[in-house]
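Engineer:
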Amino acid sequence: MLEWLFGRRRLASRKLGVRGERRAAWFYRLRGYRVLERNARHRAAEADLVLRRGRILVIAEVKARQSNAAGEGHEAVGVKKREKLIRMGDVYAARYPDCLLRYDIVSLTWTGRRFIVAHYPDAFRPMADPQRPWIWRG
165 MLEWLFGRRR LASRKLGVRG ERRAAWFYRL RGYRVLERNA RHRAAEADLV
215 LRRGRILVIA EVKARQSNAA GEGHEAVGVK KREKLIRMGD VYAARYPDCL
265 LRYDIVSLTW TGRRFIVAHY PDAFRPMADP QRPWIWRG
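Following this note's numbering, the residues of the sequence shown are numbered contiguously, the last one being 302.
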């Protein structure tokens with residue numbers, strides 16, 4: 165009851181994720197990006213947002229948190245997730261060969277009233293595996 169009086173309320177995990185992705189899309193739209201796809205899936209590849217502004221194509225991962233007890237949202241994007249984002253980047257690089265790819269992470273923290281946004285543009289760059297150069301690593 166006191167949470168409602170002071171404006172601090174917790175969100176269910178699913179609702180937090182949906183609202184976080186919506187807020188991240190709005191964040192990009194304010195900066196002139198056009199959302200090409202949300203929750204993009206293609207075989208073993210996935211990304212929360214795929215955006216474009218001019219020749220820049222952004223593959224973005226969105227992490228929303230209610231507290232930092234488990235760490236910041238950007239810390240939760242490990243090697244496996246980065247490799248999935250890279251595979252999604254390969255799919256979009258084939259569709260838009262004239263674009264420059266960028267991989268972003270948007271970390272959102274829910275305060276109970278609003279989101280605090282931390283944007284990490286160009287958060288990582290893919291590198292070729294030394295033994296198998298046709299495979300990209302994050």
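The beta-carbon is built from N, C-alpha and C at its ideal position, and this holds for glycine as well.
What three-state label does DSSP hand Tyr284 in the structure shown?
Structural biologist: What you label residue 284 is simply residue 120 of the sequence shown in a count that begins at 1. It is a strand residue.
Engineer: Buried or exposed: Lys227, going by 16 or more other Cβ atoms within 10 Å of its Cβ?
Structural biologist: In the sequence shown, the residue the question calls residue 227 occupies position 63. Looking at its Cβ environment, which holds 16 or more other Cβ atoms inside 10 Å, Lys227 is buried.
Engineer: What are the boundary residues of the beta strand (DSSP E) that Arg187 is part of?
Structural biologist: Position 23 of the sequence shown, counted from the start, is the residue given in the question as residue 187. Looking at the DSSP string, Arg187 is not in any beta strand (DSSP E); the run it does join, the alpha helix (DSSP H), is Ser177 to Leu194.
Engineer: Please list the terminal residues of the continuous beta strand (DSSP E) segment that includes Val226.
Structural biologist: Here residue 226 refers to the residue found at position 62 when the sequence shown is read from its first residue. Val226 -> beta strand (DSSP E) spans Ile220 to Arg229.
Engineer: Specify the secondary structure class of Glu236 as computed by DSSP and reduced to three states.
Structural biologist: Taking the first residue of the sequence shown as position 1, residue 236 is located at position 72. It is coil, neither helix nor strand.
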